[in-house]
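K.L.:
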Amino acid sequence: SQQGEEDPQALSIQEGENATMNCSYKTSINNLQWYRQNSGRGLVHLILIRSNEREKHSGRLRVTLDTSKKSSSLLITASRAADTASYFCATVEYNNNDMRFGAGTRLTVKP
Amino acid sequence: ETGVTQTPRHLVMGMTNKKSLKCEQHLGHNAMYWYKQSAKKPLELMFVYNFKEQTENNSVPSRFSPECPNSSHLFLHLHTLQPEDSALYLCASSQGQDYSNQPQHFGDGTRLSIL
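Residue numbers (this note's numbering), protein chains in the order written: chain A, 1 to 111; chain B, 1 to 115.
Below is the structure:
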């Protein structure tokens, strides 16, 4: 069953702009992960943020987690055409080892 | 190259056929997973193996039968599938005893079409 829900479902921006994607979830979590999927390929792990963390960075990526609002955001700064992909959040529930994915945000970065 | 290799990349089969999907990881991981990705639906976890033992089976129909002979290999045996089973089947692996707190590494999937 689905846990995270990404918002928006689709996002189209110009190269150089920032892209923000949001994820909301319903239950208490152990950690939340963001993945990227290029068309016809598998998922690639981007960032894992634990429930006791509020923000993590990796290169041009910034992830925030607000457990009181049960939400997370992924910010991609200075986007590039190569960032065009689908982005998924996945949550691992507290006391449950299963990872549940959302339906994803389709990001298009126009050159 | 993700370190997780899935074969075949594409498979077309009739509803009465028997086929197998193969996954191999070269990352030294202990946990392996099968997921189903259908169009416009979230990724669905099917099976989890940790140290060759099945730890999760998310109410998957018996026409899907997993096999994990060792920590590096995972199979999904298929028989008498239905048209709604057409999807991208993804294999993943992760490290450690506490595998749910580790990132997962995915293969590029097998695109399965049921005629």
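Virtual Cβ for every residue (Gly too), placed ideally from N, Cα, C.
Let me make sure I understand the geometry here. Which of Tyr99(B), His26(B), Leu90(B) and Ser113(B) has the alpha-carbon closest to that of valine 44(A)?
P.N.:
Leu90(B)
K.L.:
Quick check on serine 1(A): does DSSP put it in helix, strand or coil?
P.N.:
Any reading at serine 1(A) needs caution, since the residue's pLDDT is 47, under 50, leaving its predicted position unreliable; the model's value is listed next. If DSSP states are grouped into helix, strand and coil, serine 1(A) belongs with coil.
K.L.:
Is it right to say valine 12(B) is buried, meaning 16 or more other beta carbons lie within 10 angstroms of its own, or is it exposed?
P.N.:
exposed
K.L.:
Any beta carbon of chain B sitting closer than 8 Å to that of methionine 21(A)?
P.N.:
no
K.L.:
Since valine 92(A) is in the beta strand (DSSP E), which residue starts that stretch and which ends it?
P.N.:
85-93
K.L.:
Can you find at least 3 beta carbon pairs, one from the segment 3-12 of chain B and one from the segment 54-66 of chain A, that sit closer than 8 Å?
P.N.:
No, because fewer than three Cβ pairs between the segment 3-12 of chain B and the segment 54-66 of chain A fall closer than 8 Å, the two stretches do not touch.
K.L.:
By the 9 Å beta-carbon criterion, what residues does the segment 19-51 of chain A contribute toward chain B?
P.N.:
From the segment 19-51 of chain A, only Asn30, Asn31, Gln33, Tyr35, Gln37, Gly40, Arg41, Gly42, Leu43, Val44, His45, Leu46, Ile47, Leu48 and Arg50 have a Cβ closer than 9 Å to chain B.
K.L.:
Within its chain, find whatever has a CB closer than 7 Å to the CB of arginine 60(A); leave out the 5 residues flanking it on each side and keep chain order.
P.N.:
Ile76, Thr77 and Ala78
K.L.:
For a contact defined as C-beta to C-beta under 7 Å, what are the partners of valine 109(A) on chain B?
P.N.:
Under the 7 Å cutoff, chain B gives no residues; its nearest Cβ is about 22 Å from valine 109(A).
K.L.:
Verify the CB distance criterion: does glycine 59(A) have a CB-CB separation below 8 Å to chain B?
P.N.:
no
K.L.:
What is the DSSP secondary structure of proline 61(B), reduced to helix, strand or coil?
P.N.:
coil
K.L.:
In angstroms with no decimal places, state the Cα-to-Cα distance between lysine 19(B) and threonine 2(B).
P.N.:
25 Å
K.L.:
Three-state secondary structure (DSSP) at serine 58(A)?
P.N.:
Residue state, collapsed to three classes: strand.
K.L.:
Glutamate 67(B): which of His105(B), Phe47(B) and Ser38(B) sits nearest, CA to CA?
P.N.:
Closest by alpha carbon: Phe47(B).
K.L.:
Mind checking alanine 82(A): buried by the 16 CB within 10 Å criterion, or exposed?
P.N.:
Exposed, because fewer than 16 other Cβ atoms sit within 10 Å of the Cβ of alanine 82(A).
K.L.:
In chain order, what residues of the same chain lie with their CB nearer than 7 Å to the CB of leucine 48(A), ignoring the 5 residues before and after it?
P.N.:
Asn31 and Gln33
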